[in-house]
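If you're matching positions, the sequence shown starts at 1 in the UniProt record's numbering and goes up one per residue.
Every residue, glycine too, gets a C-beta built ideally from N, C-alpha and C.
Just so we're clear, the structure is a prediction, and the values are computed from it rather than from any experiment.
The structure under discussion appears below in the form of C-alpha coordinates.
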Amino acid sequence: MRSAAVTLDRLHGDNATVFWRTTCRQLGAELLDLGCPEEDMRAEIMEFQDAVQMELMWLHQGDEAKA
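Structure follows, in C-alpha coordinates:
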(Lines of atoms letter the chains of each structure in order from A and count residues from 1; the text may use other names and numbers.)
(Lines give C-alpha, C1' and ligand atoms only; values in the text may rest on other atoms or scores of the structure.)
Protein backbone atom coordinates (compact mmCIF):
# COMPACT_ATOMS: atom_id res chain seq x y z
CA MET A 1 0.00 0.00 0.00
CA ARG A 2 2.78 2.44 0.88
CA SER A 3 4.67 1.49 -2.26
CA ALA A 4 1.58 2.19 -4.37
CA ALA A 5 1.07 5.55 -2.67
CA VAL A 6 4.69 6.61 -3.16
CA THR A 7 4.66 5.57 -6.81
CA LEU A 8 1.32 7.26 -7.43
CA ASP A 9 2.59 10.42 -5.74
CA ARG A 10 5.52 10.60 -8.17
CA LEU A 11 3.36 10.21 -11.27
CA HIS A 12 1.08 12.78 -12.88
CA GLY A 13 -1.66 12.87 -15.49
CA ASP A 14 -2.12 9.87 -17.74
CA ASN A 15 0.83 8.05 -16.22
CA ALA A 16 -0.79 8.22 -12.79
CA THR A 17 -4.14 7.08 -14.17
CA VAL A 18 -2.64 4.12 -16.01
CA PHE A 19 -0.59 3.09 -12.97
CA TRP A 20 -3.58 3.31 -10.65
CA ARG A 21 -5.95 1.38 -12.91
CA THR A 22 -3.34 -1.29 -13.58
CA THR A 23 -2.55 -1.67 -9.88
CA CYS A 24 -6.21 -2.02 -8.89
CA ARG A 25 -6.96 -4.43 -11.74
CA GLN A 26 -3.98 -6.61 -10.88
CA LEU A 27 -4.99 -6.70 -7.23
CA GLY A 28 -8.56 -7.58 -8.19
CA ALA A 29 -7.40 -10.35 -10.51
CA GLU A 30 -5.12 -11.75 -7.83
CA LEU A 31 -7.95 -11.82 -5.30
CA LEU A 32 -10.28 -13.55 -7.77
CA ASP A 33 -7.57 -16.09 -8.62
CA LEU A 34 -7.30 -16.86 -4.91
CA GLY A 35 -11.01 -17.65 -4.84
CA CYS A 36 -12.27 -14.41 -3.37
CA PRO A 37 -15.92 -13.77 -4.32
CA GLU A 38 -16.35 -10.80 -6.68
CA GLU A 39 -18.34 -8.78 -4.14
CA ASP A 40 -15.63 -9.25 -1.51
CA MET A 41 -12.93 -8.44 -4.07
CA ARG A 42 -14.65 -5.15 -4.87
CA ALA A 43 -14.85 -4.30 -1.18
CA GLU A 44 -11.15 -5.11 -0.74
CA ILE A 45 -10.24 -2.87 -3.68
CA MET A 46 -12.26 -0.02 -2.17
CA GLU A 47 -10.48 -0.49 1.16
CA PHE A 48 -7.13 -0.52 -0.65
CA GLN A 49 -8.03 2.71 -2.46
CA ASP A 50 -9.00 4.33 0.84
CA ALA A 51 -5.76 3.18 2.47
CA VAL A 52 -3.66 4.56 -0.39
CA GLN A 53 -5.53 7.88 -0.20
CA MET A 54 -4.84 8.09 3.54
CA GLU A 55 -1.17 7.30 2.91
CA LEU A 56 -0.98 10.07 0.31
CA MET A 57 -2.50 12.49 2.81
CA TRP A 58 0.01 11.36 5.43
CA LEU A 59 2.91 11.84 3.00
CA HIS A 60 1.84 15.44 2.46
CA GLN A 61 0.66 16.42 5.94
CA GLY A 62 3.70 18.67 6.44
CA ASP A 63 3.37 20.27 3.00
CA GLU A 64 0.49 22.52 4.07
CA ALA A 65 2.58 24.04 6.85
CA LYS A 66 5.40 24.77 4.40
CA ALA A 67 3.13 26.56 1.90
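What whole-angstrom Cβ distance do residue i and residue j have, given they're in contact under 8 Å?
i          : j          : result
residue 1  : residue 55 : 6 Å
residue 52 : residue 4  : 5 Å
residue 19 : residue 32 : With a Cβ gap of about 21 Å, residue 19 and residue 32 do not count as contacting.
Apply the 10 Å Cβ neighbour rule to residue i and answer buried if 16 or more other Cβ atoms are within range, or exposed otherwise.
i          : result
residue 34 : exposed
Among residues of its own chain, excluding the 5 on either side of residue i, which ones have a beta-carbon nearer than 6 Å to its beta-carbon?
i          : result
residue 28 : 41, 45
residue 24 : 45
Sorted by chain position, which residues of the same chain lie with C-beta nearer than 8 Å to residue i's C-beta, five sequence neighbours on each side aside?
i          : result
residue 59 : 5, 6, 9
residue 57 : none
For residue i, does the three-state DSSP call read helix, strand or coil?
i          : result
residue 61 : coil
residue 24 : helix
residue 34 : coil
residue 11 : coil
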